[in-house]
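A quick write-up on the structure given underneath.
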Amino acid sequence: MPGAPVDALRNVPLFAGLDDDELAGVAVLFKERHFTAGETIVKEGADGAAFFLIVSGEATVAVRAAERASLGPGDHFGEIALIDEEVRSATITATTDLVCYGLTLWEFRPLVVQNGEVGWKLMQSLAKKLRSAES
Amino acid sequence: MSTTEATNELTFDPPGPGFYEQDSVHLPRAATRYWAETHPAPFAQGTSEFTAFYGMLIGGLSMTYINGIGYKSVAPLPDEEVPARFARAEEVFANKLWREQLREWDESVKPAAIAKHRELQAVDADALSVAELVAYLEQCRDHHVKMIAQHMRYTAGAVVPTGDFLAHVGDWTGLPTAELLGLMRGASPVSAGASDELDLLLAAIEADPRARELLASDGDGAETLAALRSLDGEAGAAMTAYLDLVGNRLLDGFDIAEPSVLELPDQLLRAIRTAATTGVVESDLEARIAEVRAKVPPEHQESFDELLGEARTMYRLRDERGVYSDIWASGIMRRAALAAGRRLAASGRAHAPEHAVDASIAELRALLEGAEEPTADELAARAEYRRTHSARDAPPTLGTPPPPPGDPSTLPPAVGRLMRATGIALGALFGSSQEEHGEDTLRGLAASPGVYEGPARLVAGPADFNRIVQGDVLVTVSTSEAFNILLPLLGAIVTDSGGLLSHSAIVAREYGIPGVVGTREATQRIADGARVRVEGAAGEVKVLR
Amino acid sequence: MLEEAADTSVFGSKAVGLGQALRDGLPVPPGFALAGPLVEAVASDEEDAIEHVVATIGPLGGPLAVRSSAVDEDGAEASFAGQHLTLLNVPSAAELAGSLREIWWSANSDSAITYRKRLGLFTRPSIAVVVQRLLDVECAGVMFTRNPITGSDERMIEASWGLGEAVVAGLVIPDSFRLARDGQVLERRPGLKRIAVRSLPTGGTVEADVPPELVERLCLDDSQLEALNDLALRCEEVYGPDRDIEWAVADGTVYLLQCRAVTRVGTA
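Okay, structure coming up:
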């Protein structure tokens, strides 16, 4: 089966509003990617090219060298730079070996534009991030 | 992790009251166990001998090794000895006591030392039985100990007259120390690598077409030296004599972990070639001396001649006391330790012959006789420790600094003169290395032109990437494609290894930022955050203060 | 088959370059070129694509060297040096799927995409792949057919023990040689070659310590330098001037591993 397994996406909050057909349609766009423990996945200040979903493993998020959050299975990252086309807003480092599924910007944008549910969920998660950054 | 982080994990406690200062000029790296155990006693002994000889107001110097890093401290003089020192200081200048040291050096001490070096280095350590090898190791160590003391004993002999000259002539002319030191030129042939043996060798090579051809060839260094050595006639004999003189000298430093001349044959050949092609340089020394003399007030000019004469006579002692004492003895000890190391590696007690330098003599003896400790892993761990712990990252001083010295005018004139001479000379002769530290210049391959000044960021690998900010100078061992993510942020690139066609060089040129690669030790000599200037076309990196 | 690769919009210039080299009789180790879309299909986990690759390449045996060949790479005025992955010592065709996926992602990584944008390339990348048998290499390195620092008409060669990775990735200070166009050796400078990259029997490579006596010993002799100069001449005849050549010496033969355009020197 090409792409990510549908099961991997089913419990991801970002895709919660999608039915199985829609999920399958989305899943096929993803490609598997592995990172090793310690690897810098995304670097703050660099241009962004991909969006990732974590299937297994853990990573940390740091902004200006201060650790902000940690990410695990089901979490996603990398969408902000793909949305505003500015540089990466944080550095994300793999703490353990990671298995992820990723989309490049060439798959991400059509996905969001064509799929209102996914777009809505993304906005919700961004709004949440915005609130916690402001508080 | 970086050497800074590795060293920061250790605690450095002063061993007692007093003030301890690192000697990172002579000991830039962590010491082997052998050196840390061997160095302190003869160092203390030799220094106490010179302070007594010259009537100085200190008991001597001590060296303490903490976490393998060497710290020097001053051993105070008991009050009851002060009057004797005052009296002695008077005699030093009145009778030019340093000449006694030089006579002793030339007539008995140096020849005896050289004879002993030759005796020990003639032994074929690989052919000895275990018992003989153990005895030989101990002989080499005992000889090394004597040579360290010998080196220290003659320290002041070079320093005092030179410093005296600099102090007086500096006052009379206002000229800077560096310029005045230029008048010492030619007074120390051994510093320039010259010797009778080298002169004979160059003459013999010049006269022998086979030797000339070999020297001009670009073949393998070790093979070329061996071929030169085995030529019949003058050239072969001269090569052998020259190698016997310089072969076991350490190229740099004093610890037995440092390589000796014979271990880097390509470098030696290059040096011989340079000596062969460099003609005699026209010396403008007479003119320079006359120039300086003219600036000296007439009533002091005779003193100028006398002071200059003494300084030039003694100047060669500065380098000879090292080259003919412990720089040679250390190479001999290293050679013996490596022979032991070959046996231990063959029997599986060491992972590599080189690891033997990390054992003490007592440990080498035990291992050769069949003991199981220290284990091969332990020895390898010690070598790794030295590689990963840099003296520069350790605290430069420990303990409370002493109060500033009292007003020298309250001291008897001879004592004051002595202190001033010593202070200036140490500053000029060894503190010129301090200047090097103040403006360290590293050289590498000129990979990409341009000049850039900015803060250095030591990056060991991707885990350090988030420390880089816009405008940093990347300093790292080598770069891989993983580093590309940093490129838009960098002002310049400096690497330890890599050539002009390596990844770092190519991306530096493409990004149009200055790049110097293949510096060998940028990551060891540049501190994280230090301000550096990278001169790409010159292939130089300067650490600014 | 590598010698059939002719369309750069499908196979990328590296593959086509090597294919052309084979057609011109240059000493390139034989192998296969996998088109960009095929590589993407394998990276997406499409079974048909994976089966096709394993079946085609299986006969080549192992171990394998897998190199990326970006479509539109050499059209741009940049070397993409180090941007795209080379995977050495993939044990056999069975392990290729994972390698191809890694290569696909390296072309789509943040840094690769940034690099393309900097060069004014905003379209999505397409990455083809070259698969060849891995040679048992004694020494290897890089040769520029013109001096990249001074622009002089001479060959600059950097060489080290083991696989050329050591020179390309700057793991050592390599031996450095300069040759005049007529083959005369202008300079030989031994480097400090403490590390050699060697292939492991089980796959992958390792950085091994070089024996002390070899660290400063020149790894190329005059006959090999002559062979390299011949190679430079032949590459220039086929491709034109200013070539960046990756080469290796294996079983006494000088092989051509890669040949691409040298990018402009930073003295512009």
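Protein chains in written order, with my numbering: chain R, 168 to 302; chain U, 8 to 552; chain G, 20 to 287.
Don't be surprised by glycine CBs; every beta carbon is placed ideally from N, CA and C.
All figures in this text were calculated on a predicted structure; none of them were measured in a lab.
According to the neighbour-count rule (16 or more other Cβ atoms, all chains shown, within 10 Å of its Cβ), is residue i buried or exposed?
i, result
"Ser-553/U", "Residue 553/U lies beyond the residue range present for chain U, which begins at 8 and ends at 552; the question has no answer from this structure."
"Phe-141/G", "exposed"
"Met-191/U", "buried"
"Arg-110/U", "exposed"
"Gly-377/U", "exposed"
"Met-20/G", "exposed"
"Gln-277/G", "buried"
"Pro-262/U", "Note on identity: in this sequence residue 262/U is Asp, with Pro being the wrong assignment. Asp-262/U should be labelled buried."
"Gly-546/U", "buried"
"Gly-77/U", "buried"
"Val-273/G", "buried"
"Asn-178/R", "exposed"
"Ala-218/U", "buried"
"Lys-117/U", "buried"
"Leu-144/U", "buried"
"Asp-228/G", "exposed"
"Asn-108/G", "buried"
"Lys-302/U", "exposed"
"Gly-348/U", "buried"
"Leu-115/G", "buried"
"Glu-139/U", "exposed"
"Leu-293/R", "exposed"
"Leu-551/U", "exposed"
Any idea which residues DSSP pairs residue i with across the strands?
i, result
"His-243/R", "Leu-220/R"
"Met-162/G", "Ile-176/G, Ile-264/G"
"Arg-538/U", "Pro-462/U"
"Tyr-268/R", "Glu-199/R, Leu-220/R"
"Ser-88/G", "Ala-147/G"
"Tyr-27/U", "Leu-405/U"
"Lys-549/U", "Thr-448/U, Arg-540/U"
"Glu-19/G", "The structure shown has nothing for residue 19/G, since chain G only spans 20 to 287."
"Gly-478/U", "DSSP lists no partner for Gly-478/U."
"Val-130/U", "Val-130/U is not bridged to any residue."
"Thr-227/R", "Ser-237/R, Thr-260/R"
"Arg-342/U", "Its beta-bridge partners do not exist; DSSP assigns none."
"Gln-277/G", "Glu-265/G"
Hey, residue i and residue j are a contact pair by Cβ (cut 8 Å); roughly how many whole angstroms apart?
i, j, result
"Arg-197/G", "Glu-177/G", "Actually they are not in contact, since the Cβ atoms of Arg-197/G and Glu-177/G sit about 10 Å apart, beyond 8 Å."
"Leu-127/U", "Ile-431/U", "Actually they are not in contact, since the Cβ atoms of Leu-127/U and Ile-431/U sit about 38 Å apart, beyond 8 Å."
"Ala-261/R", "Phe-197/R", "Going by Cβ atoms, the distance from Ala-261/R to Phe-197/R rounds to 18 Å, so no, they are not a contact pair."
"Thr-407/U", "Phe-26/U", "6 Å"
"Ala-34/G", "Ser-88/G", "4 Å"
"Val-191/G", "Ser-55/U", "Incorrect: roughly 47 Å between the Cβ atoms, too far for contact."
"Glu-255/G", "Arg-262/G", "6 Å"
"Asp-333/U", "Ile-155/U", "5 Å"
"Ala-147/G", "Leu-252/G", "With a Cβ gap of about 28 Å, Ala-147/G and Leu-252/G do not count as contacting."
"Ser-69/U", "Pro-47/U", "7 Å"
"Leu-324/U", "Tyr-161/U", "6 Å"
"Val-141/U", "Leu-375/U", "6 Å"
"Ala-359/U", "Ala-344/U", "With a Cβ gap of about 12 Å, Ala-359/U and Ala-344/U do not count as contacting."
Checklist entry - Would you call the stretch 268 to 282 of chain U and the stretch 250 to 260 of chain U in contact, with 3 or more CB pairs under 8 Å? => result yes
Item to check | 3-residue-minimum beta strand (DSSP E) runs that sit fully inside the stretch 57 to 103 of chain U, ordered along the chain | outcome: 65 to 73, 76 to 83
Checklist entry - Between the stretch 469 to 481 of chain U and the stretch 495 to 503 of chain U, do at least 3 Cβ pairs fall closer than 8 Å? => result yes
Checklist entry - Looking at C-beta atoms only, is the number of pairs between the stretch 125 to 143 of chain G and the stretch 210 to 226 of chain R that lie closer than 8 Å three or more? => result yes
Next on the checklist: Whether or not the stretch 300 to 311 of chain U and the stretch 223 to 232 of chain U are in contact is what I'm after, with contact meaning three or more pairs of Cβ atoms, one per stretch, closer than 8 Å; do they touch?
Outcome noted: no
Checklist entry - Are the stretch 235 to 243 of chain U and the stretch 212 to 231 of chain G touching, with three or more C-beta to C-beta distances below 8 Å? => result no
Checklist entry - Should the stretch 363 to 376 of chain U be regarded as contacting the stretch 279 to 296 of chain R, the criterion being three or more beta carbon pairs within less than 8 Å? => result no
Next on the checklist: Between the stretch 235 to 252 of chain G and the stretch 524 to 536 of chain U, can you find at least three pairs of beta-carbon atoms closer than 8 Å?
Outcome noted: no
Checklist entry - Would you call the stretch 509 to 521 of chain U and the stretch 486 to 494 of chain U touching, i.e. three or more CB-CB distances under 8 Å? => result yes
Next on the checklist: Using a Cβ distance threshold of 8 Å, determine whether the stretch 218 to 238 of chain R contacts the stretch 139 to 154 of chain G, with at least three qualifying pairs required.
Outcome noted: no
Checklist entry - At what residue ranges does the stretch 205 to 290 of chain U contain a whole run of the alpha helix (DSSP H), taking only runs of 4 or more? => result 216 to 223, 228 to 236, 241 to 253, 272 to 284
Checklist entry - Quick check: the stretch 202 to 216 of chain U against the stretch 468 to 476 of chain U, are there 3 or more CB pairs under 8 Å? => result no
Checklist entry - Looking at C-beta atoms only, is the number of pairs between the stretch 98 to 106 of chain U and the stretch 160 to 170 of chain U that lie closer than 8 Å three or more? => result yes
Checklist entry - Which runs of the beta strand (DSSP E) spanning at least 3 residues fall entirely within the stretch 126 to 197 of chain U, listed in chain order? => result none
Checklist entry - Residue ranges of each alpha helix (DSSP H) run of no fewer than 4 residues wholly in the stretch 239 to 263 of chain G, ordered along the chain? => result 241 to 258
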